[in-house]
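Written below as structure tokens is the structure these notes are about.
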Amino acid sequence: MDNKPIIFNHPLIQHKLSLVRDKRTGSKEFRELISEIAMLMCYEATRDLSLEEVNVETPMGPAHTKVIAGRKLACVPVLRAGLGMVDGILNLIPAAKVGHIGIYRDHETHRPVEYYCKLPADIQERDVIVLDPMLATGGSAVDAIGMIKDKGVTSIKFMCIIAAPEGLRALVSNHPDVQIYCAALDERLDENKYIIPGLGDAGDRIFGTK
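Each number in my numbering comes from the position in the sequence shown (counting from 1) with 9 added on.
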């Protein structure tokens, strides 16, 4: 698999991304858009799922067709903003299990602090998609993926809405085996480690908090 980060240029994703960037977009619409973008990205991120041939009976007779085979899937949002992407994934893959990893950024050191990890018991048998709307410094993503690898998982993908160059470099450097998907690669981080131009604090905008 080519692990070069995949930056989406699909017109539907870019259109919805413009709407989530707009500071006038309210929490309800913001949540819906984040979920829709995640669903569109998941469509592409699951393109390499293996298939097996089966026979089914249609109203007109037998058909030789294909279904998804092999390992099962799990999505793991990084709390709390990653929760906004879960429904979009489950709309496409209802049988996927969901784990949760809690990491927050210390506002003084800008370093990630871990506080929660709950994963499916059979996580090591699943293909895992880690979800976090914003890849800023990359610290949270690097730590979250490390926690998942510690559970024996060998097949991991990472999906974000917006990435900063600094975060992308950090994630690629620390986890070169993880395929990265993002809807946009922005300019830089500011002095407070927020993505510019970005879309603000994704968690606050999803949940209507400050």
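Note that the Cβ used here is the ideal one computed from N, Cα and C, for glycine as well.
In this structure, Gly93 lies away from Arg33, with their beta-carbon atoms at least 8 Å apart. Taking Ile46 as reference, the option from Ile171, Lys219 and Asn201 with the minimal CA-CA separation is Ile171.
By the Cβ-count criterion, Val65 is exposed, with fewer than 16 other Cβ atoms from all chains shown falling within 10 Å of its own Cβ. The three-state secondary structure of Pro20, taken from DSSP, is helix. Just measuring C-alpha positions, the residue of Ala104, Val139, Ile157 and Ala173 sitting nearest Glu196 is Ala173. Judged by DSSP secondary structure, Tyr52 falls within the alpha helix (DSSP H) whose first and last residues are Ser36 to Ala54.
Within the same chain, and ignoring the five residues on either side of Ser164 in sequence, the residues whose Cβ sits closer than 6 Å to its Cβ are Asp136.
In the DSSP assignment, the residues bridged to Gln188 are Lys166. Around the beta-carbon of Thr146, 16 or more other beta-carbon atoms lie within 10 Å, marking it buried.
Note: Met143 is bridge-paired with Ile171 in the DSSP secondary-structure output.
By alpha-carbon distance to Pro103, the top candidate from Gly91, Leu82 and Glu38 is Leu82. Two segments are said to touch when three or more pairs of C-beta atoms, one from each, lie closer than 8 Å; by this definition the region 196 to 215 touches the region 17 to 36. Distances from the CA of Gly155 to each of Pro129, Ala192 and Val187 were compared; the closest alpha carbon is that of Val187. Listed as beta-bridge partners of Arg80 by DSSP are no residues whatsoever. Looking at the DSSP output, Val181 shares a beta bridge with no other residue. Within the model, the alpha-carbon separation for Gly207 versus Leu144 is close to 10 Å. Within the same chain, Cβ atoms closer than 8 Å to the Cβ of Lys75 are found at Leu60, Glu61, Glu62 and Val63, the five residues on either side in sequence being excluded. For Leu60, there is no enclosing alpha helix (DSSP H); the enclosing beta strand (DSSP E) has its first and last residue at Leu60 to Thr67. DSSP lists no beta-bridge partner residue for Pro14. Assigned with DSSP and collapsed to three states, Ala105 falls in coil, not helix or strand.
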